[in-house]
Amino acid sequence: MGTLASVLEQEGFVTIALSSIREQTVTTAPPRALHCEFPLGRPLGKPNDADFQREVLNAAFDLLHQPSGPVIIDYPIEIIDDADAPLSCTIPPADRGDRNPAAAEALGLLPAWRRTNEKYGRSTVGKVITVEQVPDMLDLFTRVADGEAWEEVGIPGDPTKIAADIKNFYEEASISLSDDPPSARSAESWFVEQTQAGSVIQQARINMKEAGANFYFWYYLLPMTQHHEPIDK
Amino acid sequence: MSDKKVRSMLSKLEGHKFDAVPWNEPKPLKDSRVAIVTTAGLTVDGNADWNAGDQGFKIIPKHADDLTLAHYSPNFDRTGWVIDKNVVFPIDRLNEMAEEGIIGSVADTHVSFMGAQPDHTLETIRLDSGPAAAKALREDNVDVVLLTPI
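Here the protein sequences come in this chain order: G and V.
If you're matching positions, the first sequence starts at 1 in the numbering used here and goes up one per residue.
If you're matching positions, the second sequence starts at 1001 in the numbering used here and goes up one per residue.
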């Protein structure tokens, strides 16, 4: 981000960079930066809060009055994510005793996902699979979690991208199942800590790591802050 | 508190710093044409798959309303984006500020790259895709670029 700002300033534009990781902004030294200690992924701070977003933009545009750079101004309001407070979210029972528990769970979430998609019109699912394929993919990750080699169960592409599609499907479904819109990372922690699918992917990740899989494939299977390794290993 | 851990883990990352910080004098904001350049990995064609290491860019038209966040990294919150695109790409806020005369105008052309690039030298962005994006912004007479990070 900082380097890109300098490239564009060099090209003749006046640039203002919102900053999310302060040390990186210091390292790359963009001409004008407003550092915002907001949840990563929410650079304007608060969704559905136009007034808050406007205040952030006002502070950013105030940097145009700075006489010289590089300059970093710290936005005075900090927002802390809620990874430590998983979303409260009840999953409708799919009543599918013929499927493994994770796949049945995902089937139960499909109507909620569709409601979210209809309401907001944005989804981050689709790197490799569609939402309808999520239950079948959980069948495959369950086999990895149960000890089969991940290369041999028929995962149809980059497993990190399919795991991302699964996680994003769950998070987007949770938006329609919780009373309030999820605070930052609360849906992520709910997925990893409280769902069958999260447990399956966590175990598959640990098994892949222990089997010597390429770093990229096991490391990016879940967010790096959600890597909960067994204590005795 | 995960973001605190992520920030700590990423704080020592290398990055490219120019020998001299470039600097242009702004004209009055009320006369300036403003564009957003984000590193959220946004696409307009429905493609949700932006590969790690791809330092290319996408043009985001002002009126595009079918944006997809295709960033490869799992290490940030996406629910905010799903609920309100402005928390990443504050186009509605800029339109309001233009209507109120606070900024001169909102560009027709906006740009998305993708952040968290494994190659910290960003050589392709510095030498190729960055200047190419600049050309597109220049053709739209952009004065001020607001960068939003992911």
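Virtual Cβ for every residue (Gly too), placed ideally from N, Cα, C.
Cβ neighbours of residue i in the same chain (closer than 6 angstroms, five flanking residues each side left out)
i	result
G:Thr3	Thr28
V:Lys1058	Thr1043 and Ser1112
V:Gly1151	Absent from the model: residue 1151 of chain V. The displayed extent of chain V is 1001 to 1150, so no value can be given.
G:Val134	Ala106, Ile166 and Phe169
V:Ser945	Since the first residue shown for chain V is 1001 and the last is 1150, residue 945 of chain V is missing from the structure and cannot be characterised.
G:Trp218	Arg205, Met208 and Lys209
V:Ala1035	Ala1107, His1110, Leu1137, Val1142 and Val1145
Nearest to residue i (by Cα), restricted to the options the options
i	options	result
G:Ser183	G:Gly45, G:Glu9 and G:Gly69	G:Gly45
V:Asp1143	V:Leu1013, V:Leu1069, V:Val1037 and V:Ser1011	V:Val1037
G:Asn117	G:Pro86, G:Ile175 and G:Pro159	G:Ile175
V:Ile1150	G:Gln202, G:Ala104, G:Thr25 and G:Thr15	G:Thr25
V:Ala1132	V:Thr1109, V:Pro1026, V:Leu1146 and V:Asn1086	V:Thr1109
V:Arg1078	G:Ala145, G:Ile79, G:Pro43 and G:Val56	G:Pro43
G:Ala173	G:Val153, G:Thr124 and G:Leu221	G:Thr124
V:Ser1002	G:Ala85, G:Leu63 and G:Val71	G:Ala85
G:Asp81	G:Ser186, G:Gly198 and G:His228	G:Ser186
V:Asp1065	V:Gly1046, V:Gly1080 and V:Gly1053	V:Gly1046
V:Lys1027	V:Glu1123, V:Gly1104 and V:Leu1146	V:Gly1104
G:Asp180	G:Pro47, G:Met1 and G:Arg22	G:Pro47
V:Val1087	G:Phe52, G:Arg22 and G:Asp98	G:Phe52
G:Asp98	G:Lys119, G:Thr15, G:Pro159 and G:Asp139	G:Asp139
G:Asp62	G:Arg32, G:Lys119 and G:Ala50	G:Arg32
V:Trp1081	G:Leu87, G:Leu221 and G:Gly121	G:Gly121
Amino acids of chain V, ordered along the chain, whose beta-carbon sits closer than 8 angstroms to that of residue i
i	result
G:Pro86	Neighbours of G:Pro86 on chain V: none; closest Cβ ~12 angstroms, over 8 angstroms.
G:Ile162	None at all; the shortest Cβ gap to chain V is about 11 angstroms.
Close Cβ partners of residue i (< 7 angstroms) along its chain, the five nearest in sequence each way excluded
i	result
V:Ala1048	Thr1068 and Ala1070
G:Leu110	Val131
V:Glu1014	His1120
G:Lys127	Lys161, Ala164 and Asp165
V:Lys1085	Leu1067
G:Phe141	Val200, Ile201 and Ala204
G:Ala145	Val200, Gln203, Ala204 and Asn207
V:Ile1125	Gln1055 and Phe1113
G:Cys36	Leu18, Ser19, Ser20, Pro43, Gly45, Val56 and Tyr75
V:Leu1122	His1016 and Gln1055
G:Ile129	Met137, Ile162 and Asp165
G:His228	Gln202
G:Glu78	Glu37
V:Val1006	Asn1075
8 angstroms CB neighbourhood of residue i in its chain, flanking five on each side removed
i	result
G:Ala59	Leu34, Ile73 and Tyr75
G:Glu188	Ala83, Lys167, Glu171, Pro223 and Gln226
G:Arg115	Ser176
V:Ser1011	none
Contact set between residue i and chain G, taken where Cβ atoms lie within less than 9 angstroms
i	result
V:Met1009	Met224 and Thr225
V:Thr1039	Met1 and Leu4
V:Ile1091	The premise fails here: V:Ile1091 is roughly 11 angstroms from chain G at the closest Cβ pair, so nothing lies under 9 angstroms.
V:Ser1151	Since the first residue shown for chain V is 1001 and the last is 1150, residue 1151 of chain V is missing from the structure and cannot be characterised.
Residues that residue i contacts on chain V, provided the C-beta gap is smaller than 7 angstroms
i	result
G:Arg42	Asp1077, Gly1080 and Val1087
G:Tyr120	Val1082 and Ile1083
G:Thr90	Per Cβ cutoff of 7 angstroms: no residues; G:Thr90 is ~17 angstroms from chain V at best.
Within chain G, partners of residue i - CB distance below 8 angstroms
i	result
V:Ala1132	None at all; the shortest Cβ gap to chain G is about 10 angstroms.
V:Arg1033	Simply none; closest approach about 10 angstroms.
V:Met1097	Arg54 and Leu57
V:Asn1141	Correct list: empty, because the minimum Cβ distance to chain G is about 11 angstroms.
V:Asp1003	Pro39, Leu40, Ile80, Asp81, Ala83, Ala184 and Arg185
Proximal chain V residues relative to residue i, where beta-carbon distance stays under 9 angstroms
i	result
G:Ile21	Val1006, Arg1007, Leu1010, Ser1011, Leu1013 and Pro1149
G:Ser176	Within chain V, no residue comes near G:Ser176; the closest Cβ sits about 11 angstroms away, beyond 9 angstroms.
G:Phe141	Under the 9 angstroms cutoff, chain V gives no residues; its nearest Cβ is about 15 angstroms from G:Phe141.
Chain-ordered neighbours of residue i on chain G, where CB pairs are closer than 7 angstroms
i	result
V:Leu1042	In chain order: nothing, as chain G lies at least about 10 angstroms away.
V:Asp1045	Within chain G, no residue comes near V:Asp1045; the closest Cβ sits about 11 angstroms away, beyond 7 angstroms.
Give the residues from the segment 189 to 221 of chain G that approach chain V closer than 7 angstroms (Cβ to any Cβ), ordered along the chain. When CB distances to chain V are screened at a threshold of 7 angstroms, the residues of the segment 189 to 221 of chain G falling below it are Tyr220, in chain order.
Any contact of the segment 7 to 16 of chain G with the segment 1129 to 1139 of chain V, i.e. 3+ C-beta pairs under 8 angstroms? Contact holds: three or more Cβ-Cβ distances are below 8 angstroms.
Give the residues from the segment 122 to 137 of chain G that approach chain V closer than 9 angstroms (Cβ to any Cβ), ordered along the chain. Contact annotation: in the segment 122 to 137 of chain G, residues whose CB is within less than 9 angstroms of a CB in chain V are Arg122, Ser123, Thr124, Val125, Gly126, Lys127 and Val128.
Check each residue of the segment 1052 to 1068 of chain V: if its Cβ is closer than 9 angstroms to any Cβ of chain G, include it; give the result in chain order. Correct list: Ala1052, Asp1065, Asp1066, Leu1067 and Thr1068.
Would you call the segment 90 to 108 of chain G in contact with the segment 61 to 69 of chain G, where contact means no fewer than 3 C-beta pairs closer than 8 angstroms? No: fewer than three Cβ pairs fall under 8 angstroms.
Beta carbons nearer than 7 angstroms to chain V: which residues of the segment 69 to 82 of chain G have them? Cβ contacts with chain V come from Gly69, Pro70, Ile80 and Asp81.
May I ask you to list, following chain order, the residues of the segment 1101 to 1127 of chain V that have a beta carbon less than 7 angstroms from some beta carbon of chain G? Against chain G - using a Cβ distance shorter than 7 angstroms - the residues of the segment 1101 to 1127 of chain V are Phe1113, Gly1115, Leu1122, Ile1125 and Arg1126.
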